[in-house]
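In the working numbering, the protein residues as written are 191 to 326. Think of the CB as a built atom: it goes at the ideal place given N, C-alpha and C, for glycine as much as any other residue. As structure tokens, the structure follows; a few thoughts come after it.
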């Protein structure tokens, strides 16, 4: 069977193991996962403990990350740490890598990486937006 909308399927796909391997190799992040071969679900591993499944949103975020990985390679840990400090986010950094120990850590990591936090230019309020696009 051939899809008549191949780019639609590619855009709305969930992360596969090859995508998680690319994320795992990214210089700013430290995390481990395991794939349940019976259900094809990914779980986050912290030490030797399985701490829960990767959420659907993060499976989509991983795809966005992989599709834009070259852009994200330019980000330094110093800039990342500054956003964490400015917005009082509780992600832990060790050995210059964000430590992912649960699904919500990965969600926060992607929010920072995808520039979902900003400071309002008029009021200096710290804000989080649901999506971001580049200003022309």
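Is residue i helix, strand or coil when you go by DSSP?
i: residue 264; result: coil
i: residue 207; result: helix
i: residue 315; result: coil
i: residue 300; result: helix
i: residue 212; result: helix
With distances taken from CA atoms, which of the options is nearest residue i?
i: residue 275; options: 307, 312, 262; result: 307
i: residue 267; options: 312, 209, 216, 205; result: 216
i: residue 285; options: 221, 225, 319, 260; result: 221
i: residue 302; options: 225, 317, 246, 228; result: 317
i: residue 243; options: 224, 310, 264, 309; result: 224
i: residue 203; options: 241, 247, 311; result: 247
i: residue 304; options: 231, 259, 208, 314; result: 259
Since residue i contacts residue j with CB under 8 Å, what's their CB separation in whole angstroms?
i: residue 213; j: residue 219; result: 7 Å
i: residue 270; j: residue 262; result: Not quite, the Cβ-Cβ distance comes to about 10 Å (not below 8 Å), so this is no contact.
Does any residue of chain B bring its CB to less than 7 Å from the CB of residue i?
i: residue 317; result: The question asks about chain B, but that chain is absent: this structure has only one protein chain.
With contact counted as at least three CB pairs below 8 Å, one residue from each stretch, are the segment 294 to 301 and the segment 247 to 254 in contact?
Contact holds between the segment 294 to 301 and the segment 247 to 254, because three or more Cβ pairs, one in each stretch, are under 8 Å apart.
Three or more C-beta pairs under 8 Å: does that hold for the segment 279 to 290 against the segment 220 to 238?
yes
Entirely enclosed beta strand (DSSP E) segments - the segment 214 to 275, minimum 3 residues
For the segment 214 to 275, whole beta strand (DSSP E) runs of length 3 or above, ordered along the chain, are 222 to 226, 231 to 236, 239 to 243.
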